[in-house]
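**Student:** This is the structure I want to talk about, given as structure tokens.
Chains as they are written, first to last, in the numbering used here: chain R, 7 to 599; chain W, 8 to 420; chain H, 307 to 618.
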């Protein structure tokens, strides 16, 4: 997927780190240092697990302790009541963590941003009280003198380091795999712009669920090993708020959304805290907490995104976040990919019948009947608030109409999610450009191409083709955050085109463009249509529209008040009254005359 | 990999490796010091308890050294090394591990107040074969089959078996009637849970008591109103208070007053040292506490007056509580064990501890009953101490030979 | 009046819930102002509550500065005074630390501000708790006032005086804050900044200053709640933790960005907490809060009074 060079480098790095840790552990004599090292590794794993969900996707979880705690109790209760060796208990903890991820994710992913984070906060704390109520406020793993190795009760503390290291390597490998695959790209797209990702065909729901299940499973296993190391499990120590905060702090400190951030965070902060406890704890109780608090504040002020990103920005050339291959793949010849160009307007492609939707008391769409013919360039115009974007959102699947039917190519679109609508062959741009600002132009478009492509190579080819089509091929490597308005619009267009849709929904693509830029984009749209893509475009400005479209619909207060060819529509009395005004009519009369 | 070294080998191997690895001076034939550890919470929500323990221990160490140190070892001074168990089991375990790694000469220790911390700490000390004394009540601590843990407090189960009959006798002799109904109000931490379990499983029935209200809450308590409302509705003959944190005590006792159930209208019998703290008096006042009877593992009793005076002068505390006196006593126990062991050696000290049977001296003054441990590390033949708030000070009132005042069953005025 | 036991218990629990909820409501308002205006999850809010408790304590039982007001008036006035003291502390904290990771300038850069906020407030929390341990010591303390164990009686129902006072103060402060936000210039600029900080800047509103006011006001009000609680219960420097989740549950329940919502949310949390004991084991009191919290988040994420603002 990713350039194998980059991946190989990371793999070597992981192995190197593992060897270093082993070396350090073998060299150290003190059981205390071994214990701290084990804790560093375990918290790093939890932080990596957290990172998989929250670092990559932006869905901040303040409640990862729930997975950790469930894993810990699984192992502990397993040993105590079932004589279950932790060798089985820990993977079982992972399974339970994964299931918990699914159970929690299912309802909670309906929320966004702060709400999601706060909801996650509640889960471990609620579970804490339940475990106390169940009578498990203090359980300790019994000493198994007859079969210590079976129960992971090693005399040599290095054994725990090795186990924790193994878990860390697994966590790093999983994170690397996620980063380099479609999984990571989807999460990144979700993080940067979820509706756009959805409209571009990414099944955001499925990817988020996968992320939380994977995250939960890893965290559960780490928690299970933690129980083995600590030998005493209390609800507070595994479900408490400090446990939920720890992976966050480590990842944010070390560099959120990166492979090494959590590891850096754990390697620095865990020994720091422990060292402070040891040195200052009995001297002036409490001072260690103050120093630690000051330290993390100071560092985050210097490096708000974490140490890793700061160092990377400092020492390497800025590269776009995300995935891009080293050599550009050739774009596909147009003839091989463009659908048979059907220039004559033929069958009905998109049919809307009696679409109605209300928000509270406001009737946003009040019985819309619309037919868009295949191969046509159809415009929708109307004053602000007429319901144009709402109409698109309904077609796209972001909104469900209260009444009415939509069919596309003969098949109903009812109940489909936006990413499924996209897969049917409907592409969309948004009124406010929804770019993925930290990715390159090419990567932005690849996100769209993934819908139609099975693998990264194909997706990239399709993306480059799309960029050619809109004339943005020379800007492929530029970072999207730095583009001009015109370029952004073209990029969005390319992203929508990459999966070769049959129908393109353009939402005010021309708005705010100067004269020259306008002409350029109009040309692109016309070209696209000539290649056989049906275009439905929302616009404000009459001048641009009349030059562009072959057919018109006028929307006012949720109703279509006129439709037909441009010449006819502009003369329509109702349209003039509602929208154009007398002066327009005069001007039209002048030009016609 | 072979099965692994025995714990003994591991322990001494570790100590040696640690010593050499950290460049510590090797043990001399004639030791100048007997080093003991205290692992207790000094920061975090339980900091107060750890500090009280430390105060008691410091005083004992000073006295021991003033009186000539450990004579069997040529007057070797006792040195106390303190580590902060913090606010989590992880920190407590780390503290224990750190102490052991950095101080291989330790021969014994005490800790860690909170039973979950004690559990975690003793997992470390057991494997390092360091004998540990603890005041924690939980049955589990000495129920794990460990060889190096010595619990100076009777287990909560034992305390339950002792507390109620004594309370009932007191009630009967004061009022002429034996109580028939009882209520339990407790938090769900380990000690109260261990205390109440045998009671609920037939212990109360055996005493002819019917449980009419039984409420368990998760600390910290937010408000005691619904709890006390239930108590008021059930109107037991007396109420068993098993609360392990002072804030909950304040809420419950004040709410009882608010509901006009205080001052004898509802006799209270408690368990645990948080019921006797100076801060309780500071926050709710002596009048509400008057007559409150509670059983506790250890409390200054007859003969301790001088120790208590010294403690008060030294620390400014108004009286000595369980935490102070047990920590004081622990240091003396370790000193005695070192004397009998004849060497600053963990194994020998452990043997000496197991063979201890002290009925006089500072150790006997610090703990009720003979200081003797069974093979599980539990003390045997421990009389249950009862203390009662009288005139603003909780004083030992039972058993009679240890009492500093006479108990009374509080009656409605 | 003799009531059947269940009814007596029911009404008593309800009374307890409402009066306890008064203090919760006040804390929630403080948090609500911060969360609503700045969209910051302040993990240190509970520790500012703790600061308020200690300020009130030192003003009365501690140093006896207000003892001339007697054991009834003193604690109430002390609670009020805790507000401005913590307001000032909050002002400094925001000026030098918090503003570096929050506010309009930061919101522009993707995500950076959000991460910084979390760590900064967590760090603040650590500093306040442990600094508190060093300054105030570990012994649990409380304000001595007969209010905490006296009650007014309505039939068999007892209304704890200290709690009722908190409730009344909470109501009074809600009204005051509401008027502040609705009528004063500073208040309006706060609301504008909350609604759309970018636009507010263009309108000439000093968003940074508006946020500073919001932050300081938020922690100050929560501190007053702390001062009121200090008369009812004992506390130590780590007590803040116990209240953080109550505050967040209340604010989300009531609806982000709504002061009235925060008030009702806090009140409702108090009621749920106390009345859950009628049907659930006492130990699951707080689980009941979380369950309600989660239900509200799922069924009506905007809470009772909030508005949904996300648009496609």
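The beta carbon of each residue, even a glycine, is placed where N, CA and C say it ideally should be.
Bear in mind the structure is a predicted one, so any value in this text is a computation, not a measurement.
Please compile the residues from chain R whose C-beta is within a distance smaller than 7 Å of the C-beta of residue 91 of chain W.
**Tutor:** 283, 287, 288, 291
**Student:** Consult DSSP for residue 66 of chain R and reduce its assignment to one of helix, strand or coil.
**Tutor:** coil
**Student:** Note down the Cα distance separating residue 364 of chain W from residue 339 of chain W, rounded to an integer number of angstroms.
**Tutor:** 13 Å
**Student:** DSSP state of residue 283 of chain R, grouped into three classes?
**Tutor:** Here residue 283 of chain R sits in helix by DSSP.
**Student:** Determine the extent of the alpha helix (DSSP H) in which residue 40 of chain W is found, giving its start and end residues.
**Tutor:** Segment 40 to 47 is the beta strand (DSSP E) holding residue 40 of chain W; no alpha helix (DSSP H) there.
**Student:** Is there at least one Cβ from chain R nearer than 8 Å to residue 593 of chain H's Cβ?
**Tutor:** yes
**Student:** Is there a Cβ of chain R sitting closer than 8 Å to that of residue 449 of chain H, yes or no?
**Tutor:** Between residue 449 of chain H and chain R, the shortest Cβ-Cβ separation is not below 8 Å.
**Student:** Please confirm if residue 327 of chain W has its CB atom under 8 Å from at least one CB of chain H.
**Tutor:** no
**Student:** Quick test of your reading: residue 280 of chain W and residue 330 of chain W, contact by CB under 8 Å. State the CB separation rounded to the nearest angstrom.
**Tutor:** 7 Å
**Student:** Measuring only the C-alpha atoms, how far is residue 443 of chain R from residue 132 of chain W?
**Tutor:** 55 Å
**Student:** Short of 8 Å Cβ to Cβ, which residues in the stretch 238 to 257 of chain R face chain H?
**Tutor:** 247, 251, 254, 255
**Student:** Identify the continuous beta strand (DSSP E) that holds residue 405 of chain R and give its terminal residues.
**Tutor:** Neither: residue 405 of chain R is in no beta strand (DSSP E) and is coded neither H nor E.
**Student:** Please list, in chain order, all residues of the same chain as residue 383 of chain R whose beta carbon is under 6 Å from its beta carbon, the five residues on each side excluded.
**Tutor:** 535, 541, 555, 556
**Student:** Assuming residue 565 of chain R is part of the beta strand (DSSP E), what are its boundary residues?
**Tutor:** 565 to 570
**Student:** Going straight from the alpha carbon of residue 371 of chain H to that of residue 536 of chain H, what length do you get?
**Tutor:** 16 Å
**Student:** Sorted by chain position, which residues of the same chain lie with C-beta nearer than 8 Å to residue 128 of chain R's C-beta, five sequence neighbours on each side aside?
**Tutor:** 69
**Student:** What are the partner residues of residue 401 of chain W, as DSSP defines its beta bridges?
**Tutor:** Beta-bridge partners assigned by DSSP to residue 401 of chain W: W:396.
**Student:** Would you say residue 537 of chain H faces chain R, with C-beta separation under 8 Å as the test?
**Tutor:** no
**Student:** Is the stretch 343 to 354 of chain W in contact with the stretch 260 to 269 of chain W, if contact means three or more CB pairs nearer than 8 Å?
**Tutor:** no
**Student:** Quick one, which of H:553, H:482, H:330, H:558 has its alpha-carbon nearest residue 610 of chain H's?
**Tutor:** H:558
**Student:** Of all Cβ atoms in chain R, is any one closer than 8 Å to the Cβ of residue 552 of chain H?
**Tutor:** no
**Student:** From what residue to what residue does the beta strand (DSSP E) around residue 433 of chain R run?
**Tutor:** 432 to 434
**Student:** When the cut-off is 8 Å and only beta carbons count, does residue 366 of chain H lie next to chain W?
**Tutor:** no
**Student:** Which term fits residue 414 of chain H, buried or exposed, when burial requires 16 or more other beta carbons within 10 angstroms of its beta carbon?
**Tutor:** Unreliable positioning characterises residue 414 of chain H in this predicted model, as indicated by a pLDDT of 42, which lies under 50. A coordinate reading is not provided.
**Student:** Does DSSP put residue 264 of chain R in a helix, in a strand, or in coil?
**Tutor:** coil
**Student:** Does residue 351 of chain H get closer than 8 Å to chain W when you measure Cβ to Cβ?
**Tutor:** no
**Student:** Per DSSP, what kind of secondary structure is residue 315 of chain H in: helix, strand or coil?
**Tutor:** helix
**Student:** Could you tell me which chain R residues have their CB closer than 8 Å to the CB of residue 50 of chain W, listed as they occur along the chain?
**Tutor:** 287, 291, 292, 294, 295
**Student:** Could you give the first and the last residue of the continuous alpha helix (DSSP H) run that contains residue 347 of chain H?
**Tutor:** Looking at the DSSP string, residue 347 of chain H is not in any alpha helix (DSSP H), and its letter there is neither H nor E.
**Student:** Taking Cβ-Cβ distances shorter than 7 Å, what residues in chain C pair up with residue 583 of chain H?
**Tutor:** The structure shown contains no chain C; the protein chains it does contain are R, W and H.
**Student:** Along the beta strand (DSSP E) that carries residue 365 of chain R, what are the first and last residues, could you check?
**Tutor:** 354 to 365
**Student:** Below 7 Å CB to CB, which residues in the same chain sit around residue 286 of chain W once its five sequence neighbours on both sides are set aside?
**Tutor:** Closer than 7 Å at Cβ, skipping near neighbours: 253.
**Student:** Give a yes or no on whether the minimum CB-CB distance between residue 382 of chain W and chain H is below 8 Å.
**Tutor:** no
**Student:** Can you find the residues in the same chain that come closer than 6 Å, C-beta to C-beta, to residue 598 of chain H, ignoring five residues on each side of it along the sequence?
**Tutor:** 578
**Student:** Which residues does DSSP pair with residue 149 of chain W in a beta bridge?
**Tutor:** For residue 149 of chain W, which the question treats as bridged, DSSP gives no partner whatsoever.
**Student:** Is the CB of residue 436 of chain H under 8 Å away from at least one CB in chain R?
**Tutor:** yes
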